[in-house]
Amino acid sequence: MTTTPQRVGAATRTMLANGQVLEDIVQPDEGLISRRIYSDPEIFEMEKERLFAKGWFFVGHDSEIPEPGDVITRIVGMDPALFVRDDDGEIRVFLNSCRHRGMRVCRTDRENTSFLRCSYHGWVYKNTGDLVSVQGESFYGEDELQKEKFGLIPVAKLGSYHGLVFATWDPEAPEFDEFLGDMKYYLDIIMNRTGGMKVVGTPQIWEAETGWKFSADNFTDNFHVYFAHHSLVELGMLPNDPDFAGRGELIVAEEGHILHITAGAPTDEYRYMGLPQQLRDKFPEHLDAEQVEMAKGLAYSAGTVFPNFHWMQLMSSGTIGQSDVPFLNLRLEVPVSPTRSRMWSWLLIDKDADPEYAKASYETYVRTFGPAGIYDQDDMENWEDCTRMSLGPAARQNTMHHRMGLHRPVDKTWPGPGSAYDVAYGEMTQRSWYSAWLNFMTQGWAGRKTMDEGQTR
Ligand code: FES
Ligand code: FE
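Going left to right, the sequence shown walks through residues 778 to 1234 as my numbering numbers them.
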């Protein structure tokens, strides 16, 4: 079905089976991206090997495994994984696959246990990953079973920031702290504004008939809000103002990480993410003065840690006639096939939030986002149709258009790290993401660039 892409000529010419060169059909600096990359099986196979086997991927939040012995099942990149707090309290992440014949070791979503027994032939692993017991051990001769060599397969590296746990299968990957770079400044505001967040309930998981990159692309797209979600405008749940989501700042950080900080309307209701005064009062304890000032003008923010982890800090009305309530949603889209993706969606609430606000935030999130939420229903229809409409041989010859703001200068007055643009409608962030994607696909970690001011990478 697919041919291994080859480098031709210069080091960054990556030829596809039909003779096209990836660097020619994906032109982030021009804002022209081939439709092929969203659904093509050959490119999907390249993504598996080059991106999903190598990158840093979100595993979960440490509040999801608070107790020693907690085990939950996750995906790291595209591989099933175990997110574990061992009996000594250490967080570990393993491939959820037995070393004997590969059976799934943990077959539930979550449990609390010191040992995991494989249901096929009964090999038993401690929650440190060590293989501790093998049924019928006496039938193995000398050197036939070396238990110390066949523990669960751990990820190559683990990293965390404000409770967000990431992992990579690639021992050559940079350390997580270095990879996160500039984004730590903005994650402080989102994840540590009041001293920490906790996950509420379990993540919602569902699948959609879309290439995963349509979802990733959409998480930095403010431009669609007034149009795609117009039913909410008509119901009075979003302001009737076409530029409402356009006031703010687009920020391009290093490594393909991107975000926006959007102001909403200039009223007190929209300041400090719309959080209640009890929580606003805590900001100066946990953020520096510059970050607090930035949070003052922040009503909404969506950000991406390359390639597929997103946050959404939003305020929305969850019920017609009700005022807006803020919530923080974390999101992951995991490829299942070239045209199918599994969505993971978490709700987080400030640890110190009072119960009344926490309940209102929870209710607003479930009514508006997730598989039954109004916003996600609108978005899913667009992502699925964009996927279907780009499958045909004629459509695949064409590009997507990502040129908005191509010539807009960098906002040199922006106090935070990264290159910022003083507008929240623009496709600078997408262009930077596709540039990081292209570099990764063609050069792996060797394609990393520290971003110079005013440049996308
Ligand atoms: Fe797990 Fe055989 S596959 S014990
Ligand atoms: Fe949307």
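We treat Cβ as the ideally placed atom computed from N, Cα and C, and that holds for glycine.
- When only Cα atoms are considered, Leu809 and Ile802 end up about 8 Å apart.
- Boundaries of the alpha helix (DSSP H) around Ser1209: Met1205 to Gln1220.
- Here the C-alpha atom of Tyr1142 lies approximately 50 Å from the C-alpha atom of Gln923.
- Beta-bridge pairing by DSSP links His1178 to Leu809.
- Using a Cβ distance threshold of 9 Å, Arg970 and Met1050 count as a contacting pair.
- Within the model, the alpha-carbon separation for Pro1192 versus Glu1067 is close to 8 Å.
- Counting along the chain, the unbroken beta strand (DSSP E) around Thr979 starts and ends at Met974 to Ala985.
- Ligand 1 has a heavy atom closer than 8 Å to the beta-carbon of Val882.
- Within the segment 1012-1092, the complete beta strand (DSSP E) segments at least 3 residues long are 1025-1029, 1035-1039 and 1077-1082, listed from N- to C-terminus.
- In the structure shown, Asp959 adopts coil according to DSSP, grouped into three states.
- The beta carbon of Val1002 sits closer than 8 Å to at least one heavy atom of ligand 2.
- Taking a cut-off of 8 Å on C-beta distances, the segment 963-978 touches the segment 1063-1083, as three or more cross pairs fall below it.
- Every residue with a CB closer than 7 Å to a heavy atom of ligand 1 is listed here in chain order: Cys875, His877, Arg878, Gly879, Met880, Cys895, Tyr897, His898, Gly899 and Trp900.
- Relative to ligand 2, the beta carbon of Asn995 is positioned inside 8 Å of a heavy atom.
- The Cβ neighbour count for Gln981, taken over all protein chains shown within 10 Å, is at least 16; the residue is labelled buried.
- Distance from the C-beta of Ala1201 to the nearest heavy atom of ligand 2 is not below 8 Å.
- Between the alpha carbons of Gly936 and Arg1208 lies a distance of about 27 Å.
- With contacts defined by Cβ atoms closer than 9 Å, Gly1023 and Thr1039 form a contacting pair.
- Its chain contains Trp1222 as the residues whose beta carbon lies nearer than 7 Å to that of Glu949, once the 5 sequence neighbours on both sides are disregarded; these appear in chain order.
- Burial check for His1178: the Cβ neighbour count within 10 Å stays below 16, so the residue is exposed.
- Unbroken alpha helix (DSSP H) runs of no fewer than 4 residues, entirely contained in the segment 1121-1197, are found at 1132-1145 and 1151-1166, following chain order.
- Judged by DSSP secondary structure, Ile1097 falls outside any beta strand (DSSP E); it is assigned neither H nor E.
- Remark: three or more beta-carbon pairs, one from each stretch, lie closer than 8 Å, so the segment 862-876 and the segment 899-910 are flagged as touching.
- Separation of the CB atoms of Ser816 and Pro1115 is rounded to 5 Å, and the pair is thereby assigned contact status at 8 Å.
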